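Below is one structure; the comments refer to it alone.
In the UniProt record's numbering, the protein residues as written are 1 to 1461.
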């Protein structure tokens, strides 16, 4: 009999001599590895009563409710009837085997409805990481036990009695089919003909009862084909019509357990059992890991594109639920996902077949892969969650939202399809006959046919292809003449000498056995089972190589970005793992194509990638590196050898090679015969008998241990020493593990509580990890100066982190929910809370606002809610508070920050203080904010024409109502909309405003115009509901979270909705995360820590959403005086507004516009003025405030200049640069407002604004002071910093960047490049020349104009011929630029100088123009030494420094260039 060669140390029978008797039981060696470790029989224990399994393991289904389910549709507890051997020394028997073998439990059927036997594999990952593999065959055996039949009949009678008692006589037509409907009939007559509806009926007198049983093999490796054939052969031995079998059943079971070896890596096992061939091959050390499921069958069930979308969810660690009526299909898809993700390993919950009693785990709030085997249809509730659901049988795939696409998915799908078609074509030749199929001809075959037609003109192409196909047939030895063994082997002198040596060593080599073995190998090679098996293995290998090739290209240079740990050993590394970054994600992403960034940014955050990088770092301390890592690195090295080491990424899609070395290795193993396994033989104490379809009582003594006499091992085992593995495989399991499990029962309440507690701990751990990661990323980025970071990468990374945090919130809110509330449990909870608050049934008094510091929850009685009375009570509570206590808390807060500057602002004591104050005082802010109906926003269309009804010269005190936005009909028309600002005041705020000091009496109180936005949850909810570009609950929930996070109100909102304990009790079970008080408190603390960072996640994500902006023009006077019409243009990172016309006297207005993004500049000026009467505008603008009324983001545009001809620099139009105001968290406002020492700083900077300067220019007084006090070295340092910031901006900016950041670097006040150039041009001037009369202002533009006038005269003189062509070109270009700038009569001198510098830098002429300007006599007239324009040393320094910017392409905002292209 053919078999697989095994080392004598691997097979139990190899070391057993023929004289071994059955005297004692010898324990097997830990190194003895057999193909099968345990044989198990699972079924009904006749000594135990039937016990039904409660559906889903809910443990809340009482006995009365269970009676409503027909007995034949219930699942019952199964038991382990046999398992052999009792124990393996290195592998304990798994106690959970019953739920793996029979996930649906014990089922009963009548003779008309018995399902066919079904085989499936199973896998279970234990908590320690060990894996249980096996395969099971479920079949159905007739019940011969009369007691069991009587018990089933009694259950059926009770079921009928319960249904009859529940239904009225008139409603008996609605009784489920197959049950009693009254009278003496056992079945309704109208349903007798419908057999499909009688599946639940059992008549003990006329029906035969069948019960499920399962034979199972537990193995070390997860083989499929061999297990299926072994179990099928065993099943046929006692169920076939030919009885009795040749040998007792014990002989076959013993043979499987003790005499069939586990093949060594790189070898093949070929055996036969009951005329069924069994083949198994194992890959070698450097090949892809063992995988036995046929992947080609996977693509028979799913399209390639659909599988790739499912695979994307798997790689990004989403919750995946697989559904099918077949256990084996669930295993096929789940195991294929894990295998094709090589070299990455799924690190999270993995239950490919979910037991019937554990269905509750589908609510687990952690990423998982689970398989649900359903009976008829899938529950609609499953599709309501935001998880990935695949119905394998129908091919329906329900994807979660916002899943990025797999890079090059279309090309990837085409490559997979081409591999499948190529192997289908190759395997079309079966048994020497060409099977014609409709397949697409590959490029190789097309080229082959073309070459054949060109090379053989005298013969037809079809004849040549037929001849070639016949040549390509598998050549079988059965078609050849028998080998002359007698002549070749016996007459060979070499073999004779070898035989003599073997005889002296005591080894006999009969040539007859060799001949039989070779003939047997030939039979195996040509058997249908062997050919089909190796065909599947080759397709598996090709497809897996395609997938690993894609990962190799995506992570081509990942090794360069691994951050080697400074730890000296493995223990130190794992001890500091949580605080150490091991992969430079930002740098890696910056080098990737932009189309791959969304997927890669999310993938780098997964646990599987993190574990992969950990394995890479840990490999430096381990003698044997991770196998997956070694193989993957070798694939990357192969690509680098072929394509070059300098290649960092590939811009095009690179396919895997059409042939692989690993496929040749599989072909060699197909032709090899490595093992010879002895035939099953009769065991002492057993005898063959007829089984007649019933599994017999086994002789347990015979089957325990490897003590039975076995035939001598084959000599081939001694010759093939090359197959001996260097390191024998073993799985050491704790010896104290229980190895007996007689029956499977539902988890006890204590076990269920423990499982739920683990879920809660996992969610809390994830919350801590994700909030910490978000803070580290944001705080680290904010510490950098402008131009020091990459906006594309950071923005994408922020978006990925926030999206991951949103997913976590969804899982937290979905945990333990009583009933699914749509795809977003968080959004459903928010709506429920607001509906209750709207209806006014929230509890009253401070009891509802139970502090999160108190673990207990006070039960309260709900009463009608009166808002005015509630606000009154809150104000009374606040006024009763001791002011000294509040000040003491604030001083303690500041003292802790002062004592330890390195202490994070979100440490626990500070959070507790902030939380305490927030509980007591948050209503003081919201009490003044009246919120309207959150669910019925006004959608009245407003006219798109300009409506000027803003703030007039004498502002009146008016009550402020909630800002009302209208829903846009389309995004194509975003003309600015004007809202009446006259009703935007809050009388309460004005009345309660603080008294200003006497020194600030002339400054306006900004609070009467810029009242704080409402902080109530209803305000944000209204704004989210008005977003027309969101269509789903998940989208609304994520928009709400992003908006609250940007406004620093997420903690406040979540705490508000979680404070309603009555609603939590209605929506969630007791074990839910949201009902665990301590964990909920810690969760809120972690969310509160996010207030320490500034997020723009809402502004950057929803680019088409209509926003409302509030604009306020502020002057130094108490009343802004704007006597002339003006216009305003606001520019952001996403778009710009059209000119907004303001009528005379308007200084406060709001408008609607598509999201502008992060604001960067604001242009304000006068239109075409009629100045014939000599009148011109003259007014002073201190600064402008712009606030996004949705997100609360505020921007300050400093000016500090006059507008008008004949005053200041004579400007009628100015460009202002934005300064973003930090968001103030509610806790910070409250702490500061009640601190006596910081009462002035409680509000934002805009409340008492300082006198500010324009960011682009400097007034004469300031410049004069600057020139007298600033030193030359300081100016050089400022200039170097400004240029370095620009250089860093362009070097880090590889894929494009927001132009708003470049605007800041160029025009920011004080530190911007233009501001520094103003100081450079003003340094060293001769004041007597610059100002012809006293107190006259002087500007660098005066010097530029005079120089260009001199240049223009020079060009028309003979001396111009002395200039080089380059110098002449620079002069002409500069003169044209100055002339064009001077034609703009609305710009002042400072504005013209700024425009000149920006255009000169953009066109790369400034560095060459400066030496020419210094050469003119104008320079010596207007500057003294030392100066940058007269001193050669400083001039050379200035020119060379600016020339370093010539290599960069400046793309300026249109608002900066004034149409000069």
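The beta-carbon is built from N, C-alpha and C at its ideal position, and this holds for glycine as well.
Here the structure is a predicted model, which means the values were calculated and not measured.
Asked	Found
Straight-line Cα distance separating residue 1194 from residue 1221	5 angstroms
Segment contact flag, the segment 681-694 with the segment 240-256, C-beta cutoff 8 angstroms, min 3 pairs	yes
Start-to-end residues for the beta strand (DSSP E) that takes in residue 134	131-142
DSSP three-state assignment for residue 774, whether helix, strand or coil	helix
Where the alpha helix (DSSP H) containing residue 406 begins and where it ends	Element bounds for residue 406: n/a, residue is neither H nor E.
Contacting residues, own chain, Cβ-Cβ under 8 angstroms from residue 810 (five flanking each side not counted)	386, 824, 825, 826, 1034 and 1037
Beta-carbon proximity of residue 416 to residue 546, cut-off 9 angstroms	yes
CA-to-CA distance, residue 1191 to residue 770, given in whole angstroms	23 angstroms
Own chain partners of residue 1400 with C-beta closer than 6 angstroms, once the 5 adjacent residues on each side are dropped	1406
Collapsed DSSP secondary structure at residue 1464 in the structure displayed	Outside the shown range of the chain, which is 1 to 1461, sits residue 1464, and nothing can be said about it.
Exposed unless 16 or more other CB atoms sit within 10 angstroms - verdict on residue 581	exposed
Residue span of the beta strand (DSSP E) that contains residue 398, given as start and end	396-398
DSSP-derived helix/strand/coil call for residue 44	coil
Exposure of residue 240, with buried meaning 16 or more beta-carbon neighbours within 10 Å	exposed
Coarse secondary structure for residue 339, derived from DSSP in three states	helix
Closest residue to residue 773 among 804, 339 and 831 (Cα-Cα distance)	804
DSSP three-state assignment for residue 813, whether helix, strand or coil	helix
In DSSP terms, what residue 585 is bridged to	BP columns for residue 585 are empty, so no partner.
Local conformation of residue 1325 per DSSP, three classes	strand
Cβ shell of residue 1009 (< 6 angstroms), same chain only, five flanking positions each side left out	1112 and 1148
Residues near residue 306 in its chain [Cβ-Cβ closer than 6 angstroms; skip 5 each side]	397
Length of the line joining the Cα atoms of residue 608 and residue 632	15 angstroms
Distance CB(residue 293)-CB(residue 339) smaller than 9 angstroms	yes
Residue 852 versus residue 799: straight-line alpha-carbon distance, rounded	In this prediction, residue 852 scores a pLDDT of 36, lower than 50, which makes its location untrustworthy; the coordinate-derived value is nonetheless stated afterwards. For residue 852 and residue 799, the distance between alpha carbons rounds to 30 angstroms.
Three or more C-beta pairs below 8 angstroms linking the segment 134-151 and the segment 207-222	yes
Run of the beta strand (DSSP E) containing residue 1141, from where it starts to where it stops	1140-1142
Whole-Å CB distance - residue 106 paired with residue 211, under 8 angstroms assumed	7 angstroms
Cα-Cα separation between residue 577 and residue 613, rounded to whole angstroms	12 angstroms
Spatial neighbours of residue 552 in its chain, beta-carbon cut-off 8 angstroms, leaving aside the 5 residues before and after	632, 635, 636 and 639
Assigned secondary structure, residue 1127 (DSSP; H/G/I helix, E/B strand, else coil)	strand
Under the three-state DSSP convention, the category residue 1469 falls into	Absent from the structure is residue 1469, since the part of the chain shown begins at 1 and ends at 1461.
Three-state secondary structure (DSSP) of residue 282	coil
Status (buried if at least 16 other CB within 10 Å, exposed otherwise) for residue 839	exposed
For residue 1084 and residue 831, the rounded distance between their alpha carbons	20 angstroms
Cβ-based neighbour list, residue 1389, same chain, cut-off 6 angstroms, excluding 5 preceding and 5 following	1209, 1339 and 1341
CB-CB length for residue 341 against residue 368, believed under 8 angstroms	Residue 341 to residue 368, Cβ: 15 angstroms. No contact.
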